[in-house]
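In order, the protein sequence lines correspond to chains A and B.
In my numbering, each residue carries its 1-based index in the first sequence increased by 4.
In my numbering, each residue carries its 1-based index in the second sequence increased by 11.
For every residue, glycine included, the Cβ atom is placed at its ideal position computed from N, Cα and C.
Encoded as structure tokens, the structure appears first; notes follow it.
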Amino acid sequence: MRIPRRPVFLGRIPYRRRRLRDAARLLPLFGLFLLVLPLLWSPPGSALRLLSGDLVYLFAVWLGLIGVAAGFAPGLSRHADDGDDSVDGDED
Amino acid sequence: MPFNLLVLACVSYVILLFSVAFLVERRARRGRLGWLRSPLVYTLSLSIYCTAWTFYGAVGYAARSGLEFLTIYFGPTLVFVGWWWVLRKLVRIGRQHRVTSIADLISARFGKSNLLGVIVTVMAVITTTPYIALQLQSVVLSFGVFAAHAPDGSAPLGPGATAIWVAAGLALFTILFGTRNLDAKEQHHGIVTAIAVEAVVKLFALLAVGAFVVWGLAGGVTGVMERIDASALSSWEMRPGRWTGLLLLAAVAVICLPRMFHVLVVENYDEGHLARASWAFPAYLMLMSLFIVPIAVIGLERLPAGSNPDMFVLTLPLTEGQGGLAMLAFLGGFSSATSMVIVEAIALATMMSNHIVMPLWLRLWPTGAMSEDVRAVVLNARRVSIAIVLAMGYGYYHVSGGSGALAAIGLIAFAGVAQFLPAMIGGIFWRGATRVGAVAGLLTGFAVWAYALFLPSFGPDAVLSAALLSDGPWGLSWLRPQALFGAQAMDPLIHALFWSLFLNATAFFLGSVLTFPGPVERLQGAAFVNVFEGAVGPGGWGSGHVEPEALLGMAQNILGEEAAQTLFEEAARAQGKRQSILPDPTPAFLSDLEQRLSGSVGAATAHAMISNLAGRGTVTVEDLMTVARESAQLMEYSAQLETQREELARTATALREANDKLTQLSVQKDAFLSQISHELRTPMTSIRAFSEILAEGDLPPALVARNGRIIQDEARRLTRLLDDLLDLSVLESGKVQLSLGMANLREMIDRAIQASEQVKPEMRVSIQRDLAAETLFLRTDADRLTQVFINLISNARKYCDAVQPEIRIAVKTKAGRVRIDIVDNGSGIPKDAQALIFEKFARLPGEMRAKGAGLGLAICREIVANLGGTIDYLPGQGGAAFRVFIPLRLEVQAA
């Protein structure tokens, strides 16, 4: 019995869309990494580490995440309807 | 600042909210929503995440634990930035299945189980009651701050009275706007807009206080940075366990908190809004926490030691003589508290009415869905539930005496709702999750949370005895509430979160793996997990016997007359009925109706109501299998079609080839007819001419003899042609008589070579033979086979155009068959002619007018076929090459 298959290769625009979704999926993991990174820094109180520095770093990461998410949002929402491409069912 | 002014401001603010909600409701009823349903309002409504705990408590949290408070905002940021993972699916499921609350989601996913609905509802009420108490407490505290600063010291209301007034006012507001109507989609435009207004107020208030602190007190950004580094906060140490644990906790809470689920999923008007909120909500959170650290640092620096850091947002402006700013800050805190309480109360009341009151009512009066106005029952149940929720919040506040830091209570509530996570995420991503697993997971997680975190939070000897806390129950030290299984080194909150979620997920997994889901569960599981792949079969209703009138009556009771009639009429039109507004109760219609109803009363109740009428409460496994079989049959059918299509294509190709060949043959035949006429006419003409000459007489005898010979030759040629034709027709009809016998192949070839020397006798041809291989005896018709060889060798002599002609004869025996190749070294036969050379009358273009009429190879083929072999042209041998296969021993045919 023949099961109808989805196309194996995609055009340029759908291909870009898929990669945008991949990037959107990766963004929170990347953000998490940046947010726990200060755990590896030198202990507080030393001259190398100031609370204001931590504060500025964390807010900078925050702002960066917001900016990237804002950049992704229009491209993601425009084609949010054309079916799901769950991680395993991805075809390129 | 006079206390009365404060009350006046409060009351006017509340009146403002009332009017906003009222005006919006009126617009919504007229169907003019416009910007009221924009992504901006959606994002702002999400800001109920920031409660009074954020507004006041974050500063206190920062003053006590440094930057740790940021994790409470980083968690949601990660969840929203990664909306493509979970939020998108949640919102899609919520819209598609008209989910009314988080309890409804979990109950609907696991087979519309009412038991699960009740469990989740009870857990949600227990975990969020302290949280509501917390909001009341913050309002009371803020009133207290103003009372303490009042010049005349007049405080007409005590803390308890304030809390009562606030709770009652909130209950009134929520009941008025939260239970005005029973919307099919459970959306409250008025309240959402009022909450958006409150979101703006609290953000503006906090930013104003922050700006005043940074630029008014600390001397700008650089000044603040210096003071931060110089303050006591700078010695704060980032603890890995708490930092990551709280990140996780906040990330989980933002989707599991009933009120967040309500605004995020239930009140979602357009999925596209989520994309905008994915960055706008984190941006809102960032702005809210921008000035928290400066306010905490400056507060610690300027205010007398021992003052409550939770109230710095109010006390800082007050001590600096900024009465107006303090008033603004107070309103900000007030809106944070009120908006949270309102939405939480609505969310909890929806759960309580849909999962506790309605099922009970349906059980007690099974016919009630028909006879009474269900809408009134549902709405009243909600009103009472709202009052109960607020009364419980007040009761908790009263009993706990308003103690404890704000942040601690908030985190305990977070850890409580986090127990919904495994069932929820497992439910929407894993088809194998079952109802038993979900119940086991939820109960386990909840029990561990209560034992390890909630009950100890009241302090030793309050609920759990001090001895139990320090030594464990019955002296079992590995069961100590705050050091389960010996995990002593952990922070109590992280300890409880870790064990509760771990045991919860384990129970959920084991329960799911070890049990078998019911049919409805499996249908719902497939529909939830594959929500992006379209609908999964019919909703599970068989086409039972149910009166459409009864259905309409029930739908009217719940949805309202007009909405229900429109729904039925549309369905009837869709079924092609023009006369009646009552559609046939098809399975598709029933499941559609059920979905509409579940938007009002929850999935489990809607399912129960329709089963009351349809007579059959559940689908059976057989129904499921029918659905599966039907789709399998469809797939099989389409596969059959596909095979047939391929077969047709193959046949068409074969037919096309046959047609081409026929056309070619027809052309050949025409050519032959003209040729054969010519062949016959030429000898006839010469015979006639010479016989006429002879008939005239008186010719010299030499001439007579010559003419006679010519006539004889021509007559012989004519006879041979006719013989050939006759021979061929006999061979083709298969009526040929074979005289079988043993014969030596070498002798046959010898004879053939000798006989073919008559052709172009002047030509010197070298013949290569393999005598050893040729020496073998065949059982065949020797004369006929020799005829084939003569023909082939003569052809080679005739047509070979090499300067030194050469014929190679190779013989090989293989598997009971003899292979004879006859190859010359001429230029061979052109490719396009190869397919036709064995056809009758085939002649190569430009072929010299040799004897015969192009019948030789056709005869050969028929002879070989009669001898049980094959003859083929062998391309690519350097010249013309023919390969003959003959069986070693030809059996006598029965004929």
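Judged by beta-carbon spacing, residue 131 of chain B lies within the 8 Å limit of residue 453 of chain B, meaning their Cβ atoms are closer than that value. Taken through DSSP and simplified to helix, strand or coil, residue 565 of chain B comes out as helix. Under a criterion of Cβ atoms nearer than 7 Å, the residues of chain A adjacent to residue 240 of chain B are, in order, 54, 55, 56. Nearest to residue 784 of chain B by alpha-carbon distance, out of B:822, B:500, B:389, B:762, is B:822. In this model, residue 44 of chain B and residue 38 of chain B are separated by some 6 Å (Cα to Cα). Residue 73 of chain A belongs to the set of residues whose beta carbon lies under 8 Å from a beta carbon in chain B. Under the three-state reduction of DSSP, residue 894 of chain B is assigned to strand.
The stretch 46-55 of chain B makes contact with the stretch 270-282 of chain B, as at least three CB pairs between them are under 8 Å. Secondary structure at residue 752 of chain B: strand, using DSSP grouped into helix, strand and coil. Under the Cβ distance rule, residue 68 of chain A does not count among the residues neighbouring chain B, no pair being separated by less than 8 Å. If you look at residue 789 of chain B, you'll find it isn't in any alpha helix (DSSP H); it sits in the beta strand (DSSP E) that goes 788-791. When beta bridges are read from the DSSP output, residue 644 of chain B appears opposite no residue. Taken through DSSP and simplified to helix, strand or coil, residue 779 of chain B comes out as strand. Between residue 829 of chain B and residue 811 of chain B, the alpha-carbon positions lie close to 25 Å from each other. As DSSP reads the structure, residue 818 of chain B sits in a beta bridge with B:778, B:835. Close to residue 47 of chain A, with beta-carbon spacing below 8 Å, are these residues of chain B in chain order: 248. Remark: C-beta atoms of residue 151 of chain B and residue 173 of chain B approach each other more closely than 8 Å. Looking at the DSSP output, residue 72 of chain B bridges to nothing.
Using a CB distance cut-off of 8 Å, residue 245 of chain B counts as an interface residue toward chain A. According to the DSSP assignment, residue 115 of chain B belongs to the alpha helix (DSSP H) that extends over 113-120. Taking the CA atoms as reference points, residue 217 of chain B sits about 15 Å from residue 149 of chain B. Setting aside the 5 residues that flank it on each side, residue 728 of chain B is surrounded in the same chain by 694, each with a C-beta closer than 6 Å to its C-beta; the list follows chain order.
Note on geometry: alpha-carbon atoms of residue 331 of chain B and residue 337 of chain B lie some 10 Å from one another. Residue 12 of chain A sits in coil when the DSSP states are folded into three classes, being neither helix nor strand. Non-local beta-carbon contacts of residue 605 of chain B in its own chain, meaning distances under 7 Å to residues more than five positions away in sequence, involve 550, 617, 618, 621 in chain order. At a C-beta separation below 7 Å, residue 299 of chain B has no neighbours in chain A, since its nearest C-beta there lies roughly 12 Å away. The Cβ atoms of residue 397 of chain B and residue 189 of chain B lie closer than 8 Å to each other. With a threshold of 8 Å between beta carbons, residue 32 of chain A makes contact with chain B.
Cβ neighbours of residue 567 of chain B within its own chain (closer than 8 Å, five residues either side excluded): 575, 576.
With fewer than 16 other Cβ atoms from the protein chains shown falling within 10 Å of its own Cβ, residue 647 of chain B counts as exposed. A contact between stretches requires three or more CB pairs, one per stretch, nearer than 8 Å, and the stretch 108-126 of chain B meets this requirement with the stretch 600-614 of chain B. If you draw a straight line from the Cα of residue 369 of chain B to the Cα of residue 126 of chain B, it is about 13 Å long. By the Cβ rule, the stretch 54-69 of chain A counts as touching the stretch 26-39 of chain A, because three or more pairs are nearer than 8 Å. Contact between residue 365 of chain B and residue 613 of chain B is confirmed by a C-beta separation of about 3 Å, below the 8 Å threshold. Beta-bridge partners of residue 19 of chain A (DSSP): none assigned.
For residue 735 of chain B, the enclosing alpha helix (DSSP H) stretches over residues 712-744.
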